[in-house]
Ligand code: SAH
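Numbering (my numbering), first residue to last: 1 to 387.
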């Protein structure tokens, strides 16, 4: 069995619940090739379970199994079964969900999404990549799916020196499939240049937003129209705004598919549109802001802060008294305290008291692991302008 010796700092980190061990904390690696599962020992020879070894990434080891026999197919099968059992508890009224959320399911760097009878893998490290056939095999056996694909075009794979690729691994995948969540139907394209047609992590936030949405509404950065479609029944009209033509087409088709005639799709740059609306004196009762991650890395946090603030500021200018702001950030680097600080800063600038109605995160099928802050990335604050 290949072996990795880790230092005391790494042991402490594991004890605090983190699963990642950086290169600097690895003392020695014996007989291991990139992607192998290695036994972990500290410098006194005490065992600490098993980890995926990467020969390229700064994250050299990812803990993946406790002290005992090395993880085999039965071990992974059991993990997947537990992942599914948990989803049965937390996912209601949807045939699309994240079946495996990496660290949150103790299978670091493995993502498996389910869209009806179609499964989509992301193997984001050498370790989960090396086990790709095992994942396909277990899924096949447990679910007898119509198809299994890989969507391995995530740039993080570059850190692992893994190629960016996508394709069908098993079965047949139609160009577009229909999924439903919370009584709303979506068309989803799993492979291709676009992102998939649904953001599963916002599923619960859509329902939360609908609880308070009223009057004239704006869904900014709408993509396929997830928020607009969910709030449409409770508002007079909603405009879904996105700068991408493809996204707008998707949102229009989803609106038609769900017979929502009060959704109007607008192709525009969000920043410009919000400013133009303010100049024109337009006002809204509900505004959703769900921008792409502005902060892709630690160094970009300050410029991202300004971006979020500018956006929230412009939205707050447009909000009627009593109006609802649903504001999101999917950037891990923009931490929750920082995000709230940004919002307070923006509210202060427009001189409007804002009350927090709900402070939310990603849907429960994307469960953060307590010791791994990186797994807690989505913030969704629902606030009300009191004046
Ligand atoms: N709210 C969506 C997800 C949004 S993803 C949902 O629930 O499904 C972010 C979206 O922002 C993408 O569709 C992208 O096309 C769009 N976008 C990025 N920059 C933009 C800009 N400056 N103005 C408007 N839309 C933009």
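Every residue gets a Cβ at the ideal spot worked out from N, C-alpha and C, and that includes glycine.
Test item: CB-CB of residue i and residue j under 8 Å
{"i": "residue 37", "j": "residue 102", "result": "no"}
{"i": "residue 270", "j": "residue 327", "result": "no"}
{"i": "residue 94", "j": "residue 234", "result": "no"}
{"i": "residue 213", "j": "residue 231", "result": "yes"}
{"i": "residue 285", "j": "residue 211", "result": "no"}
{"i": "residue 104", "j": "residue 333", "result": "no"}
{"i": "residue 262", "j": "residue 236", "result": "yes"}
{"i": "residue 44", "j": "residue 51", "result": "no"}
{"i": "residue 394", "j": "residue 222", "result": "A query on residue 394 cannot be resolved here, the shown segment of the chain reaching from 1 to 387 and no further."}
{"i": "residue 35", "j": "residue 372", "result": "no"}
{"i": "residue 339", "j": "residue 288", "result": "no"}
{"i": "residue 100", "j": "residue 80", "result": "yes"}
{"i": "residue 244", "j": "residue 268", "result": "no"}
{"i": "residue 387", "j": "residue 316", "result": "no"}
{"i": "residue 146", "j": "residue 167", "result": "no"}
Three-state secondary structure assigned by DSSP to residue i
{"i": "residue 311", "result": "helix"}
{"i": "residue 205", "result": "helix"}
{"i": "residue 330", "result": "coil"}
{"i": "residue 99", "result": "strand"}
{"i": "residue 321", "result": "strand"}
{"i": "residue 107", "result": "coil"}
{"i": "residue 60", "result": "strand"}
{"i": "residue 339", "result": "helix"}
{"i": "residue 276", "result": "helix"}
{"i": "residue 230", "result": "helix"}
{"i": "residue 46", "result": "coil"}
{"i": "residue 122", "result": "strand"}
{"i": "residue 267", "result": "strand"}
{"i": "residue 254", "result": "helix"}
{"i": "residue 394", "result": "Shown here, the chain extends from 1 to 387; a query on residue 394 therefore has no answer."}
{"i": "residue 285", "result": "strand"}
{"i": "residue 394", "result": "Given that the chain is displayed from residue 1 to residue 387, the structure contains no residue 394 and the question cannot be resolved."}
{"i": "residue 364", "result": "coil"}
Limits of the unbroken beta strand (DSSP E) element including residue i
{"i": "residue 393", "result": "Because the chain spans 1 through 387 in this model, residue 393 falls outside it and cannot be assessed."}
{"i": "residue 39", "result": "37 to 42"}
{"i": "residue 67", "result": "Careful: residue 67 lies outside any beta strand (DSSP E) and carries neither H nor E."}
{"i": "residue 372", "result": "Careful: residue 372 lies outside any beta strand (DSSP E) and carries neither H nor E."}
{"i": "residue 28", "result": "26 to 30"}
{"i": "residue 239", "result": "237 to 242"}
Whole-number beta carbon distance between residue j and residue i, since they are thought to touch under 8 Å
{"i": "residue 42", "j": "residue 67", "result": "About 12 Å separates the two Cβ atoms, so there is no contact after all."}
{"i": "residue 120", "j": "residue 190", "result": "6 Å"}
{"i": "residue 247", "j": "residue 186", "result": "That belief does not hold up - the Cβ atoms of residue 247 and residue 186 are roughly 13 Å apart, past 8 Å."}
{"i": "residue 379", "j": "residue 336", "result": "5 Å"}
{"i": "residue 140", "j": "residue 148", "result": "7 Å"}
Near the ligand SAM: residue i beta-carbon under 7 Å from a heavy atom
{"i": "residue 290", "result": "For the ligand SAM, the structure offers nothing, since it holds only the ligand SAH."}
Start and end residues, alpha helix (DSSP H) containing residue i
{"i": "residue 358", "result": "Not the alpha helix (DSSP H): residue 358 falls in the beta strand (DSSP E), residues 354 to 360."}
{"i": "residue 14", "result": "8 to 15"}
{"i": "residue 89", "result": "73 to 90"}
{"i": "residue 136", "result": "132 to 143"}
| field | In chain order, each alpha helix (DSSP H) run of at least 4 residues that lies wholly inside the stretch 152 to 224 | value | When DSSP assignments are scanned along the stretch 152 to 224, the uninterrupted stretches of alpha helix (DSSP H) that are 4 or more residues long and fall wholly within it turn out to be 203 to 212.
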